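Trainee: This is the structure, below, for whatever I ask next.
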Amino acid sequence: MPRQLLNALLFQLGWFTCVLSGDSLWLLLGVVIVLAHFRWVGRWNDEGPMMLGIALIGITLDSFLNWLGVFQFQQVSLLIPFWLMLLWVLLASTLRHGLAWSARPWWRACLLGALAGPLSYYAGGRLAGVSFPYGTGPTLVGLGVLWALLLPLLHVLAQAALEAPPLAAEG
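First residue of the sequence shown: 38, per my numbering; consecutive thereafter.
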């Protein structure tokens, strides 16, 4: 099976696992899916640091949106739930594989982000019991604008991490 297809399938399986598991032990299956990515699609040395960096950006962004009251999760916290954190790791795993086609030309990432970003939040929110206190329509429009800018930026960061020289031990 081609790596891009396997990556897309792993992401979809991971997406459903995260959204439907909440913070239960079933979420460990999501971690197994990330490990499967490193076994059959990418390598930790090539992608791990990039994936963690992009996940950190996403976790920070979604936690900020949560703090602003854009999302209302079942459990109140300053940080987003762990299942959404893991979703960010899974999304990062697609940037060089399943979503690589959307990196160039840049407008593909803008269009995909504007459409798929809000759709993912809407579907995930419905399945995971997340509400949008500012209203569904305004929230999805705002997320569409945000993701139209964010997905191209994530592609730039993923590419820059690929081109960056490895960190060498000094000594």
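Here a beta-carbon is modelled for each residue, glycine too, at the ideal position from N, C-alpha and C.
On a predicted model such as this, the values are computed, not experimentally measured, just so you know.
Runs of 3 residues minimum, wholly inside the segment 76 to 127: which ones carry the beta strand (DSSP E) assignment?
Mentor: Taking only runs of at least 3 residues, no beta strand (DSSP E) segment lies wholly in the segment 76 to 127.
Trainee: Name the DSSP bridge partner or partners of Ser61?
Mentor: DSSP, once it has assigned bridges, lists no residue as partnering Ser61.
Trainee: Does the beta-carbon distance from Leu47 to Val78 come in below 8 Å?
Mentor: Against a cut-off of 8 Å, the Cβ pair of Val78 and Leu47 comes out as a contact.
Trainee: Going by beta-carbon coordinates alone, are Leu62 and Thr54 separated by less than 8 Å?
Mentor: Cβ atoms of Leu62 and Thr54: not closer than 8 Å.
Trainee: Please classify Ala160: is it buried, with 16 or more other beta-carbons within 10 angstroms of its beta-carbon, or exposed?
Mentor: Ala160 comes out exposed.
Trainee: Nearest by alpha-carbon distance to Val126: which of Gly179, Ile91, Gly59 and Leu64 is it?
Mentor: Nearest C-alpha to Val126: Ile91.
Trainee: Relative to the alpha-carbon of Leu121, which residue among Leu187, Leu186, Ile96 and Pro39 has its alpha-carbon at the smallest distance?
Mentor: Comparing Cα-Cα distances from Leu121 to each of Leu187, Leu186, Ile96 and Pro39, the minimum goes to Ile96.
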